[in-house]
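J.: Sharing a structure here in structure tokens format.
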């Protein structure tokens, strides 16, 4: 129930186009499962789902084209939607999930937490280091001991 | 009857379970209250941590978090004018002006009592109606479940999102994600692209944590430095005369909340707004105008959104169709524990049903206790900066996703869904229909095929089934009405009818 934005958001058209392309690809993939060979084949339902995606995607695209373009001087895609902050955080998470199988949960989380605390909060690095340590200890105790979760172990570093 | 009572008090007599419910409710209040953390996010992550636990223990904790979380959003709404959860939007409209007048404590006290009151109404409705509906649901056939699935997804998509097309797209995307992997009926691979990682399907917990956790964390990056304004708090326990005065209003609001919660696809947020609207129209001589700290406007949404918790459990437990996003996640939890919510749940495992009812009731009692205490500690915790919260959500999400199958690939999925979810949210798509689609998609697929097989693949016989059976007919008409209401035909029709009435 959000209010309808009077203007198109930056990048909205591209996003709408992308979802249409993705949906058409999904429809084609669904068709290649079992084609039109029967009404109860495994491919029928995926075709229905991706068909709905194509139709609704086209409607979304059409209504996006009907909206007026973002006003002159309004913040662009990189200033409003995918800001530097978002890119850095997504990059940090990507590095985190890729590092985790290599150096294990504790080491990778320590690096990730420290870097992102430092980047987002910009306080004294020593304070951030202490915060990272405390957070990690709490997470480790709660999840390893209370929830008994298996924490990811690394190939290079155990645990 | 005694047997039922025995199941009901399971939680009330086991100190460990009592403790878990208490911890869950307490944690839920804070999770619901801290802007940036949501109940859906917390339950998604909790499922992954508790899936090795005994099912009773896991449910005790999750039910507590659910109840506490729905309530918790109201506190930040009153104190900071930031609804901690969507279901507290209406609360903020009236609660924050009250806080500015220095009546924050009283507002919190009143919302607590009314939330608990609404919660009990919802639970009583669950206990009374679920057995009836479940007996009725035994008559449902495959095509009815197929229809219910579509209706549920479309309701979530259309009532909360920006447009019908966006809701339908999100739901269909979820269904598609749910299709990945081996087809359960023929063991044929779907969308596996020859990769062994895709044969087992995409774990829905990864999708839940990605869409509800990581995506939300990325959205929160936009409001990293919003400063909170502090309020002073004095008296919390509400006056008995106030409680008495708003009693009937709370009953009405709870009724609205329970019904809205019980409709598949609509939850506490819509219940709260409708109850607020109803209070606005039904209050004859308000003490203060609505929007400036009116108490009726505070009581109604709070009673309604907690009543919706019990209501939302009704379709989830009797039909296997989640009532809102959180129950969609809880259904995932039941699946993981090898349980199958649906009409047979009450027949096969009545103990579980009554256990859930008992646990919810206990969580509601704890809500009263924690709701009226600990406000000072609360104001401290809520000030936790987002710069700390966001990385924490991501770490917890990663551990949780990994814990399900000990597979790092799932964590990559989580990140991918998080980024996709962020863009979807930014461009006005709701992510809840995606999760509903993931959960309900396989169920709809198998029910569609079963119904089609029963018609021996004859298309006209299949369609005839929707019209000849009374239950299917009602559901079909409901679905058609929903679809028609989204097309231009609807507005033309309405105009015509309106003219006739004039």
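Chains as they are written, first to last, in this note's numbering: chain A, -2 to 156; chain B, 7 to 508.
Note that beta-carbon positions come from the ideal geometry of N, C-alpha and C, so glycine has one too.
1) Closest Cβ-Cβ distance between residue 47 of chain A and chain B: below 8 angstroms?
2) Distance check for residue 223 of chain B and residue 216 of chain B, CA to CA, integer angstroms please.
3) Can you check whether the CB of residue 94 of chain A is closer than 8 angstroms to the CB of residue 186 of chain B?
4) Excluding the 5 residues preceding and the 5 following residue 343 of chain B in the sequence, name in chain order all residues of the same chain whose CB lies nearer than 6 angstroms to its CB.
5) Look up residue 119 of chain A in the DSSP assignment and say whether it is helix, strand or coil.
6) Between residue 463 of chain B and chain A, is there a C-beta pair that is closer than 8 angstroms?
7) Give the C-beta separation of residue 474 of chain B and residue 153 of chain B to the nearest angstrom, bearing in mind that I take them to be a contact with Cβ-Cβ under 8 angstroms.
8) Taking the alpha helix (DSSP H) that residue 145 of chain B belongs to, which residues open and close that run?
9) Any residues in the segment 179 to 196 of chain B with a beta carbon nearer than 8 angstroms to a beta carbon of chain A? Which ones, in chain order?
10) Can you say whether residue 245 of chain B is buried or exposed, counting buried as having 16 or more other CB atoms within 10 angstroms of its CB?
11) Report the rounded CA-to-CA distance for residue 146 of chain A versus residue 66 of chain A, giving the unit in angstroms.
12) Under a three-way DSSP split, which group does residue 79 of chain A fall into?
13) Whole angstroms is fine: what's the gap from residue 372 of chain B's alpha carbon to residue 498 of chain B's?
14) Kindly list the residues whose CB is nearer than 7 angstroms to the CB of residue 447 of chain B, restricted to its own chain and excluding five residues on each side of it in sequence; keep chain order.
15) Can you tell me the Cα-Cα spacing of residue 67 of chain B and residue 56 of chain B, whole angstroms?
16) In chain order, what residues of the same chain have a beta carbon less than 7 angstroms from the beta carbon of residue 14 of chain A, not counting five sequence neighbours either side?
17) Can you give, in chain order, each stretch of the alpha helix (DSSP H) that sits fully within the segment 433 to 493 of chain B and has at least 4 residues?
18) Quick one: does residue 9 of chain A have its CB under 8 angstroms from some CB of chain B?
19) Could you pull the DSSP bridge partners for residue 188 of chain B from this structure?
20) Can you tell me the Cβ-Cβ gap for residue 116 of chain B and residue 248 of chain B, rounded? I've got them flagged as a contact below 8 angstroms.
21) By the 10 Å Cβ neighbour count, where 16 or more other Cβ atoms means buried, how is residue 495 of chain B classified, buried or exposed?
22) Give the list of continuous alpha helix (DSSP H) stretches no shorter than 4 residues that lie fully inside the segment 231 to 305 of chain B.
23) So residue 70 of chain B is in the alpha helix (DSSP H); what residue range does that whole segment cover?
24) Taking Cβ positions, are residue 136 of chain B and residue 359 of chain B nearer each other than 8 angstroms?
25) For residue 92 of chain A and residue 133 of chain A, which I take to be in contact (beta-carbon distance under 8 angstroms), what is that distance rounded to the nearest angstrom?
26) Nearest CA to the CA of residue 268 of chain B: which residue from B:12, B:323, B:208?
27) In whole angstroms, what is the alpha-carbon distance linking residue 139 of chain A and residue 55 of chain A?
28) Can we say the segment 72 to 89 of chain B touches the segment 117 to 126 of chain B, given the rule of at least three CB pairs closer than 8 angstroms?
29) Looking only at its own chain, which residues have a Cβ that is under 6 angstroms from the Cβ of residue 367 of chain B, when we skip the five neighbours before and after it?
30) Is the Cβ-Cβ distance between residue 6 of chain A and residue 227 of chain B less than 8 angstroms?
31) I'd like to confirm something about residue 343 of chain B: is its beta-carbon nearer than 7 angstroms to some heavy atom of the ligand HEM, or not?
32) With H, G and I counted as helix, E and B as strand and the rest as coil, what does DSSP make of residue 4 of chain A?
33) So does the segment 308 to 321 of chain B actually touch the segment 262 to 282 of chain B, counting three or more Cβ pairs closer than 8 angstroms?
34) From the DSSP output, in three-state form, read off residue 390 of chain B for me.
35) Determine whether the Cβ of residue 113 of chain A lies closer than 8 angstroms to any Cβ atom of chain B.
T.: On the basis of the supplied data:
1) Position 50 of the first chain, counted from the first residue, corresponds to residue 47 of chain A. Interface residue, yes.
2) As a working mapping, residue 216 of chain B is identified with position 210 in the second chain. As a working mapping, residue 223 of chain B is identified with position 217 in the second chain. Approximately 10 angstroms, taken between the alpha carbons.
3) Here residue 186 of chain B refers to the residue found at position 180 when the second chain is read from its first residue. Here residue 94 of chain A refers to the residue found at position 97 when the first chain is read from its first residue. No, the Cβ-Cβ distance between residue 186 of chain B and residue 94 of chain A is not below 8 angstroms.
4) Within the second chain, the letter at position 337 stands for residue 343 of chain B. Excluding positions up to five away in sequence, the list reads 61.
5) Locating residue 119 of chain A in the first chain gives position 122, counting from the first residue. Here residue 119 of chain A sits in coil by DSSP.
6) As a position in the second chain, residue 463 of chain B is number 457, starting the count at 1. It does; some Cβ of chain A falls within 8 angstroms.
7) Working through the second chain from its first residue, we reach residue 474 of chain B at position 468. Working through the second chain from its first residue, we reach residue 153 of chain B at position 147. About 14 angstroms separates the two Cβ atoms, so there is no contact after all.
8) Mapped onto the second chain, residue 145 of chain B falls at position 139. From DSSP, residue 145 of chain B is part of no alpha helix (DSSP H); its letter is neither H nor E.
9) 179, 181, 182, 185, 189, 191, 192, 194, 196
10) On the second chain, position 239 is the one that residue 245 of chain B refers to. Residue 245 of chain B should be labelled exposed.
11) Looking up residue 146 of chain A in the first chain gives position 149. Looking up residue 66 of chain A in the first chain gives position 69. Their backbone Cα atoms lie some 49 angstroms apart in a straight line.
12) If you number the first chain from 1, residue 79 of chain A lands on position 82. Three-state DSSP puts residue 79 of chain A in coil, outside helix and strand.
13) For the purposes of this step, residue 372 of chain B is taken as the residue at position 366 of the second chain. For the purposes of this step, residue 498 of chain B is taken as the residue at position 492 of the second chain. Taking the straight line from one Cα to the other gives about 51 angstroms.
14) Locating residue 447 of chain B in the second chain gives position 441, counting from the first residue. These residues qualify, in order along the chain: 180, 181, 184, 185.
15) One-based indexing of the second chain puts residue 67 of chain B at position 61. One-based indexing of the second chain puts residue 56 of chain B at position 50. Cα to Cα, residue 67 of chain B sits roughly 9 angstroms from residue 56 of chain B.
16) Within the first chain, the letter at position 17 stands for residue 14 of chain A. Closer than 7 angstroms at the Cβ level, and outside the excluded window around residue 14 of chain A, lie 58.
17) 438 to 460, 465 to 474, 476 to 490
18) Start at 1 with the first residue of the first chain, and residue 9 of chain A comes out as number 12. Output row for residue 9 of chain A: interface = yes.
19) For the purposes of this step, residue 188 of chain B is taken as residue 182 along the second chain, with counting starting at 1. For residue 188 of chain B, which the question treats as bridged, DSSP gives the partners B:195.
20) Mapped onto the second chain, residue 116 of chain B falls at position 110. Mapped onto the second chain, residue 248 of chain B falls at position 242. Confirmed, Cβ separation roughly 6 angstroms.
21) The residue given as residue 495 of chain B occupies position 489 in the second chain. Answer is exposed; the Cβ neighbour count stays below 16.
22) 246 to 251, 253 to 268, 274 to 288
23) Counted from its first residue, the second chain places residue 70 of chain B at position 64. Note, residue 70 of chain B: alpha helix (DSSP H), 61 to 86.
24) Position 130 of the second chain, counting from 1, holds the residue named residue 136 of chain B. Position 353 of the second chain, counting from 1, holds the residue named residue 359 of chain B. Yes. Within cutoff.
25) To locate residue 92 of chain A, count along the first chain from 1; it is residue 95. To locate residue 133 of chain A, count along the first chain from 1; it is residue 136. So it is not a contact: roughly 17 angstroms between Cβ atoms.
26) Numbered from 1 along the second chain, position 262 holds the residue referred to as residue 268 of chain B. That would be B:323, whose Cα lies nearest to the Cα of residue 268 of chain B.
27) Locating residue 139 of chain A in the first chain gives position 142, counting from the first residue. Locating residue 55 of chain A in the first chain gives position 58, counting from the first residue. Cα-Cα distance, rounded: 47 angstroms.
28) yes
29) Here the question's residue 367 of chain B lines up with position 361 in the second chain. Answer for residue 367 of chain B: 129, listed in chain order.
30) Taking the first residue of the first chain as position 1, residue 6 of chain A is located at position 9. Taking the first residue of the second chain as position 1, residue 227 of chain B is located at position 221. No, these two residues do not count as a Cβ contact at 8 angstroms.
31) Because no ligand of any kind appears in the structure shown, any question about the ligand HEM cannot be addressed here.
32) Along the first chain, one-based indexing puts residue 4 of chain A at 7. In the structure shown, residue 4 of chain A sits in coil (DSSP, three-state: anything other than H, G, I, E or B).
33) yes
34) One-based indexing of the second chain puts residue 390 of chain B at position 384. Three-state result, residue 390 of chain B: coil.
35) Position 116 of the first chain holds residue 113 of chain A. Yes, contact with chain B.
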